[in-house]
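Asks:
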Amino acid sequence: MRIMIVDEHAPYVEGVVNLLSADFEIVSTVSTGADAIEQARLIKPDVILMDIKMPDLDGITATRIILAEQPGIKILMLTSLGETDTLFRAIGAGAVGYLLKDLEETDIIAGLYELEKGRNPFSPGLANQILEEFRRQQVRSNPEVCRELLNDRQIEVLELVAQGLDYSDVGQRLYISERTVKYHMAKIKETLQLSSHAQVIAWAWEHGLGKTVPK
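Residue 174 in this note's numbering sits at position 173 of the sequence shown; the count goes up by one each step and never skips.
In structure tokens, the structure reads:
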């Protein structure tokens, strides 16, 4: 497996090269995103170990550009950045895995062997973040999943709110207090992973709620 390493920290790159050279062929090391794009065009590596923070062009942008030109290259992020947003931006750009630099050396080697077998290596804990985000997306996009998660009272409240009734009117219709209506709405937002009243209404309309005009 022919590997290119992209990282601006020379001592770290040297350490990774020494670590991997016995098992893999290191064909290039570069320190900027722009150089990574150029070198990928020239040498066409099998795998790129890509850092994210670099002075000229970040690794996620470089990943997107490289894969647009050469979709057969596998890009594995090797970075110190473990934030969920950064993780999903990298995956969205086409990265096939995401390893943090605080891993044991043997885990980095193991990750590359996993990649060679067609698997997607992730640092421990990051896979759970991906599964959680997948669950959230399912909740947002699948009406059957969402309806299973909302109880009958929550659906009643959501139906009326989506029709344009204010909380006071909803409470009168359902013979509950306005405070209880607000409680149900808060639980609905939490369950559906939505943050605003407008998002809740939009979701309700998308899933067939609120279409009956209130009398």
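Glycine included, every Cβ here is placed at the ideal spot set by N, Cα and C.
Quick one: any contact between the region 4 to 14 and the region 50 to 60, if contact means 3 or more CB pairs under 8 Å?
Replies: Cβ pair count under 8 Å is three or more, so yes.
Asks: Sorted by chain position, which residues of the same chain lie with C-beta nearer than 7 Å to residue 76's C-beta, five sequence neighbours on each side aside?
Replies: Closer than 7 Å at Cβ, skipping near neighbours: 49, 51, 64, 67, 68, 95, 96, 97.
Asks: Just verifying my parser: in three-state terms, what is the DSSP assignment at residue 1?
Replies: Look at the range of the chain in this structure, 2 to 216, and you will see that residue 1 is not part of it.
Asks: What residue range is occupied by the uninterrupted alpha helix (DSSP H) comprising residue 13?
Replies: Unbroken alpha helix (DSSP H) run through residue 13: 11 to 21.
Asks: Using the three-state DSSP reduction, which class does residue 90 fall into: helix, strand or coil?
Replies: Three-state result, residue 90: helix.
Asks: Suppose the cutoff is 7 Å on Cβ atoms and the five residues either side in sequence are ignored; what does the same chain contact list for residue 168 look like?
Replies: Taken in chain order, the residues that qualify are 179, 182, 183.
Asks: In terms of residue numbering, what span does the beta strand (DSSP E) encompassing residue 27 cover?
Replies: Element bounds for residue 27: 26 to 31.
Asks: Just the Cα atoms here: how many angstroms apart are residue 38 and residue 196?
Replies: Each residue's alpha carbon lies about 38 Å from the other.
Asks: Alpha carbon to alpha carbon, how far is residue 21 from residue 133?
Replies: So the alpha carbons of these two residues sit roughly 32 Å apart.
Asks: Who are residue 201's beta bridge partners in DSSP?
Replies: According to DSSP, which records beta bridges pairwise, residue 201 is partnered with nothing at all.
Asks: Got a sec? Which residues, its chain only, sit under 6 Å from residue 32 by beta carbon, not counting five neighbours each side?
Replies: Closer than 6 Å at Cβ, skipping near neighbours: 9.
Asks: Looking at the structure shown, is residue 48 part of a helix, part of a strand, or coil, going by DSSP?
Replies: Three-state DSSP puts residue 48 in a strand.
Asks: Between which residues of its own chain and residue 216 is the CB-CB distance below 6 Å, once the five residues before and five after are set aside?
Replies: Confidence at residue 216 is low in this model, with a pLDDT of 48, below 50, so the placement of that residue should be treated as unreliable; the coordinate-derived value is given next. Hits under 6 Å: none found.
Asks: Drop a sphere of 10 angstroms on the beta-carbon of residue 198, count the other beta-carbons inside from all chains shown, and report buried for 16 or more, exposed for fewer.
Replies: Per the 10 Å Cβ criterion, exposed.
Asks: When the Cα atoms are used, what is the spatial distance from residue 205 to residue 173?
Replies: Taking the straight line from one Cα to the other gives about 21 Å.
Asks: Taking the straight line between their C-alpha atoms, what separation do you get for residue 1 and residue 164?
Replies: Because the chain spans 2 through 216 in this model, residue 1 falls outside it and cannot be assessed.
Asks: Whose CA, out of 127, 23, 188, 44, lies closest to the CA of residue 73?
Replies: Minimum Cα distance to residue 73 is reached at 44.
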